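Counting from 92, one number per residue, gives the positions in the first sequence under my numbering.
All C-beta atoms in this analysis are idealised placements derived from N, C-alpha and C, irrespective of residue type, glycine included.
Nothing here was measured: the structure is a model prediction, and the numbers come from that model.
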Amino acid sequence: MKRSYPFDKIEPKWQKRWAKSKLFEADTKSAKNKYYCLMMFPYPSAALHVGHGRNYIIGDVIARYKMMRGLNVLTPMGWDAFGLPAENAAIKNGLHPRTSVLANIETMKKQLYRWGVGYDWPREVTSCEPDYYKWTQWLFLKLYEKGLAYKKKAAVNWCPSCSTVLANEQVVGGLCERCDAQVTQKELEQWFFKITDYAQRLLDDSDKLNDWPQRVKIMQRNWIGRSEGVKIDFPIGGSDKVLRCFTTRTDTVCGATFMALAPEYSDLEDLIKDVKDKEKILKAAQKMRDISSQKRAEIDVEKQGIFIGKYVINPMNGEKVPIWVANYVLMEYGTGAIMAVPAHDQRDFEFARKYSIPIRVVIDDPKKHLTSDQMPEAYTEEGVMINSGQFNGMPSQEAISRIADYMEKKRIGKRAVHYRLRDWLISRQRYWGAPIPIIYCDRCGTVPVPEKKLPVLLPKDVEFKPRGESPLKGSKAFIETKCPKCKKRATREADTMDTFVDSSWYYLRYISPKEKRVPFDKKIVNRWLPVDQYIGGVEHAILHLLYSRFITKVLKDAGWIDFDEPFARLFTQGMIIKDGAKMSKSKGNVVSPEKLISEYGTDTVRLYTLFIGPPEKDAEWSDRGVEGAYRFLSRLWRLAESYIDKKNIDIQAGAASKKIDAKVIRRRIHQTIKKVTDDLEKGFHFNTAISATMELVNDLYIFAGSADNRDLEPDKGKSVIKEAIEALLLLLAPFVPHMVEELWERMGHKRSIFKETWPNYDLDLLQADEITIVIQINGKVRGKVEVPIDISDEELRSKALEEKAIAKWISQSQIRKVIIIPKRLVNIVV
RNA sequence: GCCAGAGUGAUGGAACUGGCAUACAUGACGGUCUCAAAAACCGUUGUCCGCGAGGACGUGUGGGUUCGAAUCCCACCUCUGGCACCA
């Protein structure tokens, strides 16, 4: 393809200049007009493709735009460098993870530079370097001090392929988030962060995040999964023990015809110690556990259970209710025991039908009386209470709280709230992560590493291939240490931390990345945070964003920061799709930016990426579209060049079939400024902003070809051409910064266009003297009429009725009504 | 199953608060320039009927509200994402 403008010379020139002039280096001493623009820091796993580029380009557009609006912009960048992908890649290539990570960082940095995206590089942070992970370990110690980091033995998610445990959030549909292997359960002693203590606050504060996408907030709320209900104690017959259950459906309590325990129920053995069939029951429960752990992810697993020979008394009606073990009851939620109401819960219904347990209706369908033996399925809607003693006749919705009141009064039960959210499992049996700063001493027990002794360095010479055990156990020099308390021999914790711990606080480190004594400068952090604009992929809607919110709240409570939400505004961009699939190396549909950049230039690739569609939506990449972007930039270049050389627009333009004069151009300039500004202020509507500038360029081409293409009075400084070109350059500056800088300089300006202020529009110039009014008959467009802007409704009405095209429609019928919408249309109803 | 979001030309997409549906771009077709091609520039391009003027239809489907609906309401279909035996 023939090059029509020298982007290959221009782009490196300006990239060098921006670096030299430190355009993107913020001064954080003053937080006046601060604007913290943050992109989720990337994983340095491989070279970036155009899909990744979208994220950085969007961020760069915002940063440059805000700069031109006179804000003090901070845009740092760093690397989320610990973690499995780096380690797995390293194992495959036989390289140490650090070597491969640092090499990837170099490649990616070069790519970012070539894209012309600007960052405050002196603030760069790399999470796998000791000067960073020292503070990740510090963060662990703070949580430990507050009792928010604890160790417990529990059934945890185990990925056999990665040979490590996973957090609940990292198990997707029963599969490992990273490698798609089937996750199994394993009993292990592991470190957890007590995120459940913050469940309510995380939920409540999500309401305050007005500038977050609704769907991200909804996803977080669902994940936290709050439900309100009542804890009920059912006395166990023939003992002084009770069986505690949690239910949200207190209205159905009189319909409980059996109780169900999870197969893992901890007190099961104790409960049935005097039962004859004890062994048989325990065996059956064990069998259910084995099957359920693997099949739990599958839908419609056959209900299974066994009666344990014991009964409880329903405190509401004194009835004797049998206790069963059932495979569908979860140990992790509620108390691991439920009251089962087959008439009004589909799972209980299926179970009761299978084992011929009675079904009793306690909520009747107001539309059709229910009979338990004729029900095809459970009735889960609202209705009228029956078979419930004093509550009969009450709407079930009302009974929920009335029965709860009654239970609290009679001390049968107590209101309680449960969450789906589990504590955050942070131990990993892998090499490439920050070591957990804990020492085990035979005499002193679990001892945290003193802050002064941080960082606990990750040893370099370790066989890091996973074997199901922490690789650090293989390093004697690391494991064997002295107890900080008694100074006797002790051993170190060999697990490393989940990388989501690293990324849960990095936005704070950017503020003072070189700080040696503290993780961040409190004063400056409090002035610069929360982040004004956070940009990243929606795949982090739960994991990273929830963890970061949690850590922020912990640090606030510990007095380290003054704010309790880290990110004021969040933008989640869509993916770039190629051939119907997400770009990935394994699918072989990756579009590499390098080739496109050498062929068309960075500005073209940027412009196309932004023009492809609304940035929050997924978009299909098309190489053809790139050419369109290039064509537009070439048109703009020729336009500006002709003005610079000849002080006119002397370009190849067609015959004057359409006419535009200087006055109209003037109006279009100001309309374009308004449109682009509104698009950027209201949201990230880059695609429509760009199309507005395209329209202005098209108009200038028409103007050039018009018979009356005289400029205003250039000699008196009233050149409309100059005004148009300069407005276009300013408006396009955030999108195509290199070309625009070059033309701005050639137009005779001395300083960078990013030091200029964003253009303002003149309200008086926006409106034309004459406007087109649409004339409708019965809501269908039948004609148009040109009228002065300030025409009265009366005049407009008669003008519309006189219109030739309209006459034939109204001559035969009677006019019933004329609706006039000023400045828009006239609708004649006949 | 539950909770979100989306469905508009051949394609990506536009349409502010209900007021000219399809801006902008891509593709296609025709033309100018050229020995030729590329580039550039100009024109046409929702579907159907009609030589034409013009008309009918048209924003997933069916209904409704309204002078007027892509936009609001009801029902349904399809796709995408999240959650899923959560008591």
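Non-local beta-carbon contacts of Lys556 in its own chain, meaning distances under 8 Å to residues more than five positions away in sequence, involve Ile182, Pro562 in chain order. Per DSSP, Glu468 is not a residue of any beta strand (DSSP E), being assigned neither H nor E.
One thing to note: Val141 has its Cβ no nearer than 9 Å to the Cβ of Ala154. Cβ neighbours of Gly870 within its own chain (closer than 7 Å, five residues either side excluded): Asn918. Classified as exposed, Asp884 has fewer than 16 neighbouring CB atoms from the shown chains inside 10 Å of its CB.
Apart from the 5 residues on each side of it in sequence, Leu820 sits with its Cβ closer than 6 Å to the Cβ of Val831, Leu834, Trp835 in its chain, given in chain order. Asp806 counts as exposed, since fewer than 16 other C-beta atoms from the protein chains shown sit within 10 angstroms of its C-beta.
In this structure, Ala351 lies away from Ile404, with their beta-carbon atoms at least 9 Å apart. With contacts defined as CB atoms closer than 9 Å, Arg837 and Ala710 fail to qualify as a contacting pair.
In the three-state reduction of the DSSP assignment, Tyr156 falls in the helix class, which pools H, G and I. If you ignore the 5 residues before and after Lys123, its C-beta comes within less than 8 Å of the C-beta of Asn163, all in its own chain and listed in chain order. When the beta-carbon positions are compared, Asp514 and Thr287 come within less than 9 Å of each other. Boundaries of the beta strand (DSSP E) harbouring Gly320: 318 to 326, taken from the DSSP string.
Proximity to Asp496 across Lys567, His509, Gly565, Met407 peaks at Met407, based on C-alpha coordinates.
In the DSSP assignment, Arg580 is bridged to Lys573.
When DSSP reads this structure, Tyr241 sits in a beta bridge with Phe283. With contacts defined as CB atoms closer than 9 Å, Ser447 and Thr341 fail to qualify as a contacting pair. By the neighbour-count criterion, in which 16 or more other beta carbons inside 10 Å mark a residue as buried, Ala672 falls on the exposed side. Rounded to the nearest angstrom, the gap between the Cα atoms of Leu803 and Asp736 is 18 Å. In the DSSP assignment, Gln488 falls within the unbroken alpha helix (DSSP H) covering 487 to 500. DSSP places Tyr531 in the uninterrupted beta strand (DSSP E) bounded by 529 to 532.
Taking a C-beta distance under 9 Å as the contact criterion, Leu698 and Phe723 qualify as a contact pair. Taking the Cα positions, Lys544 is about 29 Å away from Phe654. Assignment of Tyr127 by DSSP, reduced to helix, strand and coil, places it in the strand class.
Judged by pairs of C-beta atoms under 8 Å, the segment 593 to 602 touches the segment 219 to 235, as three or more such pairs exist.
Using a C-beta cut-off of 8 Å, the segment 316 to 332 makes no contact with the segment 265 to 279, since fewer than three inter-stretch Cβ pairs fall below that distance. By the 16-neighbour rule on beta-carbons within 10 angstroms, Gln743 is exposed. DSSP, reduced to helix, strand and coil, places Cys219 outside both helices and strands of the structure shown, so it counts as coil. Inside the segment 802 to 881, DSSP marks whole alpha helix (DSSP H) runs of 4 or more residues at positions 811 to 823, 828 to 837, 854 to 857, from first to last along the chain. Note: Arg519 is bridge-paired with Thr587 in the DSSP secondary-structure output. Under a 10 Å Cβ-count criterion, Arg583 is classified as buried, with 16 or more other Cβ atoms of the shown protein chains found around its own Cβ. In the DSSP annotation of this structure, the continuous segment of the beta strand (DSSP E) that includes Val403 starts and ends at 396 to 404. The alpha-carbon of Leu687 is positioned some 12 Å away from that of Arg205. The residues Lys308, Gln311, Arg312, in chain order, have a CB closer than 7 Å to that of Ser297 in the same chain once the five nearest residues on each side in sequence are set aside.
The alpha-carbon separation between Pro103 and Ala110 amounts to approximately 11 Å. Separation of His829 and Asp99 (C-alpha to C-alpha, rounded to the nearest whole angstrom) is 10 Å.
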